[in-house]
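**Q** Throughout the sequence shown, residue numbering follows our numbering, covering 33 to 275 in sequence.
The beta-carbon is built from N, C-alpha and C at its ideal position, and this holds for glycine as well.
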Amino acid sequence: MRPLVATIDAAALAHNLGVVRRHAPRSKVAAVIKANAYGHGLERAAAALQAADGFGLIEIDSAVRLRAAGYRQPIVLLEGIFDAGELPMLAQHGLSTVVHDMAQVEMLAGLAGNAKIDVLLKANTGMNRLGLSAQEFPGALDRLRRNPRIGSITLMTHFASADEARGVEWQLQILQQLPGAPELPKSLANSAAVLRHPQTHADWVRPGIMLYGCSPFAGRTGVEDGLRPAMTLESRIIAVQSL
33 MRPLVATIDA AALAHNLGVV RRHAPRSKVA AVIKANAYGH GLERAAAALQ
83 AADGFGLIEI DSAVRLRAAG YRQPIVLLEG IFDAGELPML AQHGLSTVVH
133 DMAQVEMLAG LAGNAKIDVL LKANTGMNRL GLSAQEFPGA LDRLRRNPRI
183 GSITLMTHFA SADEARGVEW QLQILQQLPG APELPKSLAN SAAVLRHPQT
233 HADWVRPGIM LYGCSPFAGR TGVEDGLRPA MTLESRIIAV QSL
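This is the structure in C-alpha cells:
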C-alpha cells in the first residue's frame with residue numbers, strides 16, 4: 033500500500049460554516065457538497081455541516097443517500113433534472129431542483145399526482161454557462177407559476193466575476209431588469225460573494241470552496257479569510273536527489 037494518507041478535519045468544515053454565518057448572518061446557508069463533497073466524502077462532510085440550512089449537489093443518487101441518512105433540510109439539485117423520469121424520485125424524497133432551461137420547464141409540466149416540487153429558477157446574467165436568457169426568463173416564470181405542481185420559486189444566478197475587480201454589480205443590474213425577478217426570494221452568493229459582496233447575500237447563500245478551507249480569490253490563502261483547511265495530504269519521501 034502506498035504511504036499516502038488524506039486526513040479530513042470535520043471540525044474545520046464546521047468552523048468554515050461558522051465563517052459563512054458570520055459574513056451572512058441573515059441568510060440561510062445551502063452548503064455545496066457536490067462531487068462527493070469535493071472529494072471529502074459525502075456523508076462525512078454532511079455530518080460535519082449538519083448545521084447548514086440546506087445542501088446543494090448535482091447527483092440525484094447522492095441526494096437520496098442524504099435523505100436515507102436522515103437529513104431533512106432542503107436538498108437542491110444544482111444542475112436540475114436530466115430526464116422527466118427523475119421527477120417521481122424528487123417528489124418521493126422531497127428534493128428541490130434548479131431549472132435552467134425551457135426543456136426542464138417542459139418536464140415539470142408533466143409531473144403527475146399531488147406532489148409539489150420547489151424550484152430555483154436560474155437566470156443567466158453573464159456567467160454564460162447555465163441559465164435562462166433575459167428573453168426566456170419571463171415565459172419560464174409564468175409557466176412555473178401556473179403549474180399547480182410547483183411549490184416555491186426562488187431566483188438563482190451564478191456570479192462570473194465575484195472574485196475579480198469587476199465584481200457583481202453588473203449582474204445585479206441585469207437581475208433587477210428581469211420581469212418578475214425582484215419580488216422572488218433569492219439564492220445568489222457563491223463563496224467569493226459571501227466574503228466580499230454582502231449586498232448579494234439575500235435569502236440563501238451557496239458556499240462551496242470556502243467550506244473546505246480554500247479562498248476563492250487568486251493569490252490569497254483560506255487562512256487569510258479566517259478559514260481552516262479541511263483536508264491534509266501526507267506521504268513519505270523515498271528519495272532525495274542531490275544537485
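Is it buried or exposed, Val255, if we count other Cβ atoms within 10 angstroms and call 16 or more buried?
**A** It counts as exposed.
**Q** Which residue from Ser59, Gly50, Leu45 and Lys60 puts its Cα closest to that of Gly73?
**A** That would be Leu45, whose Cα lies nearest to the Cα of Gly73.
**Q** Under DSSP, the beta strand (DSSP E) around Glu266 begins and ends at which residues?
**A** Per DSSP, Glu266 belongs to the beta strand (DSSP E) from Met263 to Glu266.
**Q** Going by other Cβ atoms of all chains shown within 10 Å of its Cβ, with 16 needed for buried, is Ala224 buried or exposed?
**A** Burial call: buried.
**Q** How many whole angstroms separate the CB atoms of Ile182 and Lys148, which I take to be in contact at a CB cut-off of 8 angstroms?
**A** Correct: roughly 7 angstroms between the Cβ atoms.
**Q** Tell me where the alpha helix (DSSP H) around Gly71 begins and ends.
**A** Segment Lys66 to Gly71, the alpha helix (DSSP H) holding Gly71.
**Q** Could you round the C-beta distance between Val52 and Gly258 to whole angstroms and report it? I think they count as a contact, below 8 angstroms.
**A** 10 angstroms between Cβ atoms; not a contact.
**Q** Considering only the beta carbon of each residue, do Val226 and Ala56 sit closer than 8 angstroms?
**A** Yes.
**Q** Alpha carbons only, please: which of Glu201, Lys218, Leu109 and Gln209 is nearest the one belonging to Leu127?
**A** Looking at the Cα atoms, Leu109 is the closest of the given residues.
**Q** What is the rounded straight-line gap between the Cα of Lys66 and the Cα of Ser94?
**A** Taking the straight line from one Cα to the other gives about 8 angstroms.
**Q** Apart from the five residues on each side of it in sequence, which residues of its chain come closer than 7 angstroms, Cβ to Cβ, to His47?
**A** The residues are Arg260.
**Q** I need the straight-line Cα distance from Leu164 to Asn156, nearest angstrom please.
**A** Cα to Cα, Leu164 sits roughly 5 angstroms from Asn156.
**Q** Just tell me which of Gly145, His125 and Glu118 has its CA closest to the CA of Arg136.
**A** Checking the sequence shown, residue 136 turns out to be Gln, not Arg. Comparing Cα positions, the closest option is Glu118.
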